[in-house]
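Letter 155 of the sequence shown, counting from 1, is numbered 238 in the working numbering, and no numbers are missing.
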Amino acid sequence: MHLTRFSAGHAQFVVEQLLDVIITAALPSLSPTRVGGDSVMFYAVSERDNPESGTSGPDVATAVHEMVASFYRKRAELLAGNLCPCEACKHIPGLEIKMVVHRGDIMRYRLRGLEDLSGMAVIEAHRLLKNSVGGEHYVLVTEAAAEDVRLRWKLEPDRHRESYEGIGEMRCDLYLLGEETLPSEIDKSPVLDMTGKLVSNVQTIVGTAR
């Protein structure tokens with residue numbers, strides 16, 4: 084997709100809007116640590132390791148549900164208020180969410196005031212983003228995480244396996260997102276009238292004119 088400077092500005096605005104609601108939905112159970120392009124990495128200290136202030140598996144599951152729901156709510160909002168014919172805005176309906184949930188040992192470190200994560204679990208999670216899943220929207224929960232993180236969607240996960248050099252086989256529960264996982268109000272999202280759309284698009288243009 085070729086983007087003009089105008090379209091590129093809108094693409095960045097849309098990505099920022101979607102990532103912002105995802106981060107908000109993840110808090111306080113999950114802590115964001117890295118944003119790169121159109122992705123964000125979160126971590127949490129397990130309740131097993133820190134019974135007093137750690138995050139429980141059900142809390143992580145709730146955060147995952149909220150992150151997915153918030154993404155689709157925001158996408159519907161961006162679509163309802165959009166009049167722009169640029170390439171970036173035309174592709175909003177095709178934007179989807181992909182998520183990997185993993186559990187393992189990590190190390191937190193700071194370098195020049197910036198916090199990041201390291202460890203084998205981080206490498207494994209990154210590798211899992213490059214997988215053989217055919218769908219464009221899914222949540223992949225590794226076997227290590229599935230024991231604690233039990234998602235409550237009304238769909239049975241598929242058993243999925245990936246194999247990576249230097250890591251070996253990783254078994255996962257694969258949730259292919261569909262109607263069962265959408266927030267109930269999405270289908271009822273009001274279509275903005277012309278004035279509302281104009282206001283929304285003026286806000287979008289102002290938001291990208293930097």
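Glycine included, each C-beta is placed from N, C-alpha and C at the ideal position.
With DSSP run on the structure shown, which of helix, strand or coil describes residue i?
i, result
"Ser272", "Here the model assigns Ser272 a pLDDT of 49, short of 50, so the residue's position is not dependable, and the following value carries that caveat. It is coil, neither helix nor strand."
"Val151", "helix"
"Val232", "coil"
I need the straight-line Cα distance from residue i to residue j, nearest angstrom please.
i, j, result
"Asp132", "Leu238", "31 Å"
"Leu211", "Leu234", "19 Å"
"Ile206", "Ser122", "15 Å"
"His174", "Glu135", "45 Å"
"Leu223", "His93", "29 Å"
"Ala228", "Ser201", "18 Å"
Quick one: is residue i buried, meaning 16 or more other Cβ sit within 10 Å of its Cβ, or exposed?
i, result
"His209", "exposed"
"Ile250", "exposed"
"Leu197", "exposed"
"Arg242", "exposed"
"Val118", "exposed"
"Asp256", "buried"
"Lys157", "buried"
"Met150", "buried"
"Asp199", "exposed"
"Tyr155", "buried"
To which residues does DSSP link residue i through a beta bridge?
i, result
"Glu198", "Arg193"
"Cys255", "Thr225, His243"
"Lys213", "None; Lys213 has no bridge partner."
"Gly119", "Ser122"
"Ser114", "Tyr126"
"Lys237", "DSSP lists no partner for Lys237."
"Lys181", "Tyr221"
Name the residue from the options whose alpha carbon lies nearest to the alpha carbon of residue i.
i, options, result
"Ser90", "Cys169, Leu223, Phe96", "Cys169"
"Gly137", "Pro111, Met124, Met190", "Pro111"
"Gly65", "Arg193, Thr145, Val224, Ala159", "This structure gives no information on residue 65, because the portion of the chain shown stretches from 84 to 293."
"Ala146", "Ile106, Ala228, Cys172, Val123", "Ile106"
"Ala152", "His185, Leu102, Arg193", "Leu102"
"Asp188", "Ser129, Val216, Glu149, Ser246", "Ser129"
"Val98", "Ile180, Pro240, Tyr221, Leu223", "Ile180"
"Pro240", "Ala127, Arg193, Leu260", "Leu260"
"Met203", "Ala163, Asn214, Pro141, His185", "His185"
"Glu230", "Val216, Arg254, Asn214, Gly217", "Arg254"
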